[in-house]
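K.L.:
Following this message is one structure expressed as structure tokens.
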Amino acid sequence: MEASRVLNSLISGTVGPVMILVSIIIMIWYAGAVYLNSSFLIDRYEKNNIEWTFSQLASDSWSMERPVLPSPHQIAKELKKTIWDKKITSPRSLVFHSRVTLSSAMVGFVMGTFLGIVLSIGIVYVSALDRTLMPWIIASQTIPILAIAPMIVVVLGSMGVIGLIPKAIISTYLCFFPVVVGMVKGLRSPNIILVDLMRSYSGSKTQVFWKLRLPASLPYLFASLKVAIALSVVGAIVAELPAGAQGGLGARLLSGSYYGQTSLIWAALITASVISATLVSIVGRMERVVNNRMGLQI
Amino acid sequence: MNDSSSIKSADSSIIDISNLCLTFETQTEPVHALSDINMKVNSGDFVSLIGPSGCGKTTLLRVIADLEKPTSGTISVEGKSPNQARLDRSYGYVFQTPALLPWRNIEANIHLPLEMSGYSKDEQKSLSNQYLSLVGLSGFEKKYPWQLSGGMQQRVSIARALSFDPDMLLMDEPFGALDEITRDRLNEELLRLWEKTQKTVVFVTHSIPEAVFLSNKIVVMSARPGKIIDVIETNFPKDRTFDIRESPEFLEVSQLVREGLKEGHSDGS
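Those sequence lines, one after another, are chains A and B.
Note that the numbering used here has the first sequence beginning at 9, numbered continuously upward.
Note that the numbering used here has the second sequence beginning at -13, numbered continuously upward.
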């Protein structure tokens, strides 16, 4: 009886299931750390003729200097060191690097959203653009971003454009696509009766856009923005890889892999995903506010 | 039988249609939606278009509203082309579904046509109040469409069509999706509205009692090709109630309409 109640309270709600999932992931992670780091450690034990037990192996594999897979507490320590203990202006602070990445991601996101909306309006209102533009837009996304990012950085660099802008452009390149796809669908979403209704009021194209098509497209826009804002962070990080290490989470990843400091890489990755998740949830919150104002939810 | 001379003098006619045909070009074969339509609607008439599905009654209404272009023939609405009449906002159109914008509350939905014709905010407010009370929905201003029943939503849609005071009300099976009880009530309300506002109404339906109860002129149509079989006039008092549905005259007119529909059916098949 008592046990089933405890179980019930664990699996209902959000906190319980999330905690269970996180602990399962952490357990798998520790096991994975032992598995991946063991071959190196066993080699060393055998070279030095050291007797070893499994518990010895486990504790060693969770405290290596340069593990293949660092254990969660090592990453946590790295995160604490680089987020709390360093001054945020220091180039060794993850806050500093996050700010660099975040600023280009945000500029890219704003530009990508703007570009996406403009293109979608063009596609919906100009039939020539509808036929010609979409294949190019889709083609643009079939090129791996890793291949095109260095070229954009190099080309723009040779034109004297350096710093934030080239990185923001790569974010833009990733961001605009979901916005175009979502907005084209959204602007076309009003059913024929509503279009006829506007026509019966002899509504102008501008009126139909502002009073019907745009508000009808907002749910689609927000779905796209959630994808786009996460992509903007990916774009910014990818853009930092070839840019040389002036800063940013991408530069951090790169230097981590140069020096074999895996915990540094993982700390940067976790920071990046926390940033993305936060951004997505901010968009989600904006969506709820807009929905409430539009009376679409209770 | 179809005979335009049975319709009163042309002087007061607000809709004048002669020899109108409409053919939809489809990929397989042309569909003759309307064939040789001759019809006059006088100012203040309540005209019902009745016929089986596919007889083009909705298409005819859409031609009047300039939502569809005829292939041949002439049509004038208030002495103008339908296009001009639409641009002048001569009619309010009520669709089969309420067609309310889900993101606007009831009041704002009624403001929509008013905003588009450039009424001031104060005028919008007072007109929406006036017409919501006319359809018995005062107090629902701030509700959203999904919070209202289907019948209430359709009443909002009627209020919206009336709000900018057009001369005509074009209604395309507005109560077709409602249950019988709601439909009866709205029929009576619509009759009151017609009496009060003196609008010309063109009303598409496939319900014989609805057509007979509401109209002073019933246009019976048949399908494939859509054409007019008969025009039946009724003489019920304007302030009629549902009691007349039991009267011999009502049954007589209903019988006429039914025969017309049957005739059209045997012609068509």
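Heads up, the beta-carbon is just placed ideally off N, CA and C, and yes, glycines get one too.
Remember, it's a predicted structure, so these values are computed and weren't measured experimentally.
Could you confirm whether any beta carbon from chain A is found closer than 7 Å to the beta carbon of residue 25/B?
P.N.:
Your numbering for residue 25/B matches position 39 in the second sequence. Chain A has no Cβ within less than 7 Å of the Cβ of residue 25/B.
K.L.:
Rounded to a whole number of angstroms, what is the C-alpha to C-alpha distance between residue 282/A and residue 218/A?
P.N.:
Translated into positions along the first sequence, residue 282/A becomes position 274. Translated into positions along the first sequence, residue 218/A becomes position 210. Approximately 36 Å, taken between the alpha carbons.
K.L.:
Taking residue 204/A as the query, report the chain B residues whose CB atoms sit under 9 Å from its CB, ordered along the chain.
P.N.:
On the first sequence, residue 204/A is found 196 positions in, with the first residue counted as 1. Residues of chain B with a Cβ closer than 9 Å to the Cβ of residue 204/A are, in chain order, 48, 51, 53, 79, 81 and 85.
K.L.:
Kindly indicate the opening and closing residues of the alpha helix (DSSP H) around residue 238/A.
P.N.:
Translated into the one-based positions of the first sequence, residue 238/A becomes position 230. Note, residue 238/A: alpha helix (DSSP H), 222 to 248.
K.L.:
Taking 8 Å as the threshold, find out whether the segment 47 to 57 of chain B comes into contact with the segment 210 to 221 of chain B through three or more Cβ pairs.
P.N.:
no
K.L.:
Quick check: is the beta carbon of residue 306/A nearer than 7 Å to any beta carbon in chain B?
P.N.:
Taking the first residue of the first sequence as position 1, residue 306/A is located at position 298. With a pLDDT of 46 at residue 306/A, under the threshold of 50, the modelled position of that residue is not reliable, and no figure is offered here.
K.L.:
Using a Cβ-Cβ cut-off of 6 Å (strictly less than) and excluding sequence neighbours within five positions of residue 80/A, which residues of its own chain qualify?
P.N.:
If you number the first sequence from 1, residue 80/A lands on position 72. 34 and 37, listed in sequence order.
K.L.:
Can you confirm whether residue 225/A, when its beta carbon is compared against all beta carbons of chain B, has any partner nearer than 7 Å?
P.N.:
Mapped onto the first sequence, residue 225/A falls at position 217. Chain B contact via Cβ: absent.
K.L.:
With 16 as the cutoff for other CB atoms within 10 Å, does residue 99/B come out buried or exposed?
P.N.:
Within the second sequence, the letter at position 113 stands for residue 99/B. Answer is buried; the Cβ neighbour count reaches 16.
K.L.:
If we define contact as Cβ-Cβ less than 7 Å, is residue 201/A a contact residue for chain B?
P.N.:
Start at 1 with the first residue of the first sequence, and residue 201/A comes out as number 193. By this cut-off, residue 201/A is an interface position.
K.L.:
Whose Cβ in chain A lies nearer than 8 Å to the Cβ of residue 99/B?
P.N.:
Looking up residue 99/B in the second sequence gives position 113. Chain A residues near residue 99/B: 209.
K.L.:
Report all residues from its chain with a CB closer than 6 Å to the CB of residue 261/A; omit the five preceding and five following residues, and keep chain order.
P.N.:
Numbered from 1 along the first sequence, position 253 holds the residue referred to as residue 261/A. The answer, listed in chain order, is 273 and 276.
K.L.:
Where does residue 42/B sit, in a helix, a strand or coil, going by DSSP?
P.N.:
By 1-based counting over the second sequence, the position of residue 42/B is 56. If DSSP states are grouped into helix, strand and coil, residue 42/B belongs with coil.
K.L.:
Expressed to the nearest angstrom, what Euclidean distance is found between the alpha-carbon atoms of residue 210/A and residue 75/B?
P.N.:
In the first sequence, residue 210/A corresponds to position 202, counting from 1. In the second sequence, residue 75/B corresponds to position 89, counting from 1. Looking at the two C-alpha atoms, the distance is approximately 7 Å.
K.L.:
Compare the Cα-Cα distances from residue 52/A to each of 68/A, 154/A and 39/A and report the closest residue.
P.N.:
Here residue 52/A corresponds to residue number 44 of the first sequence, with the count starting at 1. The candidate whose alpha carbon is nearest that of residue 52/A is 68/A.
K.L.:
Is there a Cβ of chain A sitting closer than 7 Å to that of residue 105/B, yes or no?
P.N.:
By 1-based counting over the second sequence, the position of residue 105/B is 119. Residue 105/B does not count as touching chain A.
K.L.:
What span of residues does the alpha helix (DSSP H) with residue 64/B cover, start to end?
P.N.:
In the second sequence, residue 64/B corresponds to position 78, counting from 1. DSSP places residue 64/B outside any alpha helix (DSSP H), giving it a letter other than H or E.
K.L.:
Judging by CA-CA distance, which residue of 22/A, 255/A and 298/A is the nearest neighbour of residue 172/A?
P.N.:
Taking the first residue of the first sequence as 1, we reach residue 172/A at position 164. Measuring from the Cα of residue 172/A, the nearest candidate turns out to be 255/A.
K.L.:
Look up residue 192/B in the DSSP assignment and say whether it is helix, strand or coil.
P.N.:
Residue 192/B sits at position 206 when you count from the first residue of the second sequence. In this structure, residue 192/B counts as coil in the three-state DSSP scheme.
K.L.:
Do residue 271/A and residue 58/A count as a contact pair if the criterion is CB distance below 7 Å?
P.N.:
Translated into positions along the first sequence, residue 58/A becomes position 50. Translated into positions along the first sequence, residue 271/A becomes position 263. Taking a C-beta distance under 7 Å as the contact criterion, residue 58/A and residue 271/A do not qualify as a contact pair.
K.L.:
Relative to the C-alpha of residue 295/A, which residue among 233/A, 177/A, 263/A and 85/A is closest?
P.N.:
By one-based count along the first sequence, residue 295/A stands at place 287. When only C-alpha atoms are compared, the closest one is 233/A.
K.L.:
Kindly say whether residue 258/A, judged by its beta-carbon, lies nearer than 7 Å to any beta-carbon of chain B.
P.N.:
The residue you call residue 258/A lines up with position 250 of the first sequence. So, not an interface residue.
K.L.:
Closer than 8 Å by C-beta to residue -11/B: which residues in its own chain qualify, once you throw out the five before and the five after it? Chain order, please.
P.N.:
On the second sequence, residue -11/B is found 3 positions in, with the first residue counted as 1. Unreliable positioning characterises residue -11/B in this predicted model, as indicated by a pLDDT of 44, which lies under 50. The coordinate reading is nonetheless provided below. Correct list, in chain order: 217.
K.L.:
What does the alpha-carbon distance come out to for the pair residue 148/B and residue 205/A?
P.N.:
For the purposes of this step, residue 148/B is identified with residue 162 of the second sequence, where counting begins at 1. For the purposes of this step, residue 205/A is identified with residue 197 of the first sequence, where counting begins at 1. Between residue 148/B and residue 205/A, the C-alpha separation is close to 14 Å.
K.L.:
Is DSSP giving residue 0/B helix, strand or coil here?
P.N.:
Residue mapping note: residue 0/B aligns to position 14 of the second sequence, counting from 1. Three-state DSSP puts residue 0/B in a strand.
K.L.:
Looking at the structure shown, is residue 217/A part of a helix, part of a strand, or coil, going by DSSP?
P.N.:
Working through the first sequence from its first residue, we reach residue 217/A at position 209. DSSP places residue 217/A in helix when its eight states are reduced to three.
K.L.:
Take the Cβ of residue 202/A as the centre, count every other Cβ of all protein chains shown within 10 Å, and call the residue buried at 16 or more, exposed below.
P.N.:
Counted from its first residue, the first sequence places residue 202/A at position 194. It counts as buried.
K.L.:
To the nearest angstrom, report how far apart residue 241/B and residue 134/B are at their CA atoms.
P.N.:
To locate residue 241/B, count along the second sequence from 1; it is residue 255. To locate residue 134/B, count along the second sequence from 1; it is residue 148. Distance between the alpha carbons of residue 241/B and residue 134/B: 37 Å.
K.L.:
Quick check: residue 236/A and residue 163/A, are their CB atoms within less than 7 Å of each other?
P.N.:
Indexing the first sequence from 1 puts residue 236/A at position 228. Indexing the first sequence from 1 puts residue 163/A at position 155. No. Outside cutoff.
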